[in-house]
Amino acid sequence: MSREEKGIQVAYEDFLNMHFRIGEIVACEEIKNSLKLLNFKVNLGEETIQIVSGLREYYDPEEVIGKKVTVLCNLKPITMGGLPSEGVILSAEDSNGNLAFVVPERDILVGAEVC
């Protein structure tokens, strides 16, 4: 989808307010009564946050533990599946609709700032 099709442009000043960090998934479980949601605990170095995400059809909870991921970590918490979600794990979608985590290409410390 092109930028024009998305219809929303973010001001550079707003982008600068977004904080991205490398996190490590330390726990993950399916959310009861949801076919789409997973409940992640992600270590960001100084703290561990909870992220609820609609990735259940793409990932097995046991297989993601220990994976490093890119996290947008300064969002206002929202409630998903009855649980607070404190960030977003970034993922990319291929032309077949499959999702994959956005991950660092090298081994990097948990909590590293993405710039």
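Numbers in my numbering are just positions in the sequence shown, counted from 1, shifted up by 7. C-beta: ideal position from N, C-alpha, C; glycine also. In this text, all values refer to a predicted model and were calculated from it rather than measured experimentally.
Judged by DSSP in its simplified three-state form, L79 adopts strand. According to the DSSP assignment, L45 belongs to the beta strand (DSSP E) that extends over L45 to N50.
E20 carries a helical assignment under DSSP once its states are collapsed to helix, strand and coil. Excluding sequence positions up to five before and after P91, its CB lies within less than 7 Å of the CB of Q57 and P84, all in the same chain and listed in chain order. At a Cβ-Cβ threshold of 8 Å, G118 and G73 do not count as neighbours.
Here L106 is bridged, per DSSP, to E100. P91 sits in a strand when the DSSP states are folded into three classes.
For V71, the enclosing alpha helix (DSSP H) covers residues P68 to V71.
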